[in-house]
């Protein structure tokens with residue numbers, strides 16, 4: 030089972046490995062630099078070596094980076110798009126140095142120019158980025174969004190269009206966030222709803238495009254378009270969709286990363302991961318086995 034959490038890099042990128050290992054993670058996500066800065070301090074050979082050595086000595090087999098909060102490829106501002114393109118290429122270079130295979134990317138917000146133009150800007154930007162990084166062993170995982178404000182990516186059709194319109198799309202995958210899709214209006218809170226939404230994702234995007242899941246409960250309601258994460262089983266989603274996900278054989282090899290509310294000593298992460306592990310070990314209750322068999 031590939032399960033873990035977003036880990037802090039306070040003290041150095043290698044600290045994310047140490048923190049993940051302390052929670053028995055087999056997958057983690059991290060920022061490769063300060064997420065509120067355009068460019069980070071260059072990684073030196075010592076940092077890179079320490080990161081790779083610690084990773085090899087741990088049980089963490091999958092690591093994802095997450096892009097900066099500042100990047101917005103959908104923007105109508107050419108200057109901001111150019112800055113965002115350079116920033117994402119820089120982050121992909123950091124991933125390459127750290128042997129991280131995928132960076133999870135927020136699609137950005139169109140900020141009033143409309144979804145169609147915003148999507149075109151994303152496609153054009155990705156074409157440039159993929160061209161500049163041709164041959165790099167680093168892919169991009171487009172993250173589903175809650176649809177807050179003017180953000181792109183709250184419909185599966187947005188993802189499909191971007192993937193289909195990007196020229197060299199082999200390195201483009203998807204990160205499906207359970208909180209975000211629920212807030213965007215995809216009801217996975219029931220067994221029937223879960224089955225339907227996954228079927229729709231497969232039809233529109235394709236399950237083969239899944240790079241990872243962000244496993245988060247949702248503080249707000251279905252279709253609220255508000256991005257607020259909650260502890261597993263304590264939000265509007267409840268326990269059911271997480272039990273289904275943790276026992277869905279189609280996704281047993283797809284990494285699952287929690288981004289649930291944090292505390293200083295990682296007790297929250299430990300608790301949320303324990304809840305998910307217990308759900309997987311229970312193999313769900315017998316009353317729902319017929320649902321799992323039909324997925």
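Numbering (the numbering used here), first residue to last: 30 to 324. Every residue gets a Cβ at the ideal spot worked out from N, C-alpha and C, and that includes glycine.
For residue i, three-class secondary structure by DSSP
i: residue 134; result: strand
i: residue 78; result: helix
i: residue 185; result: helix
i: residue 340; result: Nothing about residue 340 can be read from this structure; the chain reaches only from 30 to 324.
i: residue 71; result: coil
i: residue 34; result: strand
i: residue 124; result: helix
i: residue 156; result: helix
i: residue 281; result: coil
i: residue 53; result: coil
Counted within 10 angstroms of its Cβ, other Cβ atoms place residue i as buried (16 or more) or exposed
i: residue 49; result: buried
i: residue 150; result: buried
i: residue 113; result: buried
i: residue 108; result: exposed
i: residue 250; result: exposed
i: residue 232; result: exposed
i: residue 40; result: exposed
i: residue 33; result: buried
i: residue 212; result: buried
i: residue 196; result: exposed
i: residue 293; result: exposed
i: residue 270; result: buried
Boundaries of the beta strand (DSSP E) in which residue i is found, first to last residue
i: residue 169; result: 168-172
i: residue 205; result: 201-206
i: residue 103; result: Segment: none, residue 103 is in no beta strand (DSSP E) and carries neither H nor E.
i: residue 59; result: 56-59
i: residue 91; result: 91-95
i: residue 240; result: 239-244
Closest by C-alpha distance to residue i, when choosing among the options
i: residue 282; options: 124, 91, 252; result: 91
i: residue 116; options: 126, 97, 278; result: 97
i: residue 110; options: 298, 146, 209, 79; result: 146
i: residue 199; options: 175, 208, 160; result: 160
i: residue 177; options: 89, 30, 256, 221; result: 256
i: residue 224; options: 242, 277, 179, 140; result: 277
i: residue 261; options: 280, 305, 232; result: 305
i: residue 210; options: 179, 202, 227, 201; result: 227
i: residue 104; options: 137, 62, 213; result: 137
i: residue 127; options: 201, 79, 101, 99; result: 79
i: residue 246; options: 253, 206, 254, 222; result: 206
i: residue 253; options: 289, 214, 220; result: 214
i: residue 69; options: 212, 131, 99; result: 99
i: residue 120; options: 62, 30, 258; result: 62
i: residue 218; options: 299, 266, 295, 142; result: 266
Neighbourhood of residue i by C-beta, 7 Å cutoff - its chain only, sequence neighbours within 5 removed
i: residue 144; result: 181
i: residue 45; result: 36, 37, 38, 57, 59
i: residue 140; result: 104, 105, 179
i: residue 275; result: 305, 308, 309
Close beta carbons around residue i, own chain, < 6 Å, minus the five adjacent residues each side
i: residue 133; result: 93, 95, 170, 172, 204
Endpoints, the alpha helix (DSSP H) within which residue i is located
i: residue 274; result: 269-275
i: residue 216; result: Neither: residue 216 is in no alpha helix (DSSP H) and is coded neither H nor E.
Beta-carbon proximity list for residue i, same chain, < 8 Å, skipping 5 on both sides
i: residue 301; result: 34, 260, 261, 287, 289
i: residue 77; result: 126, 127
i: residue 47; result: 83
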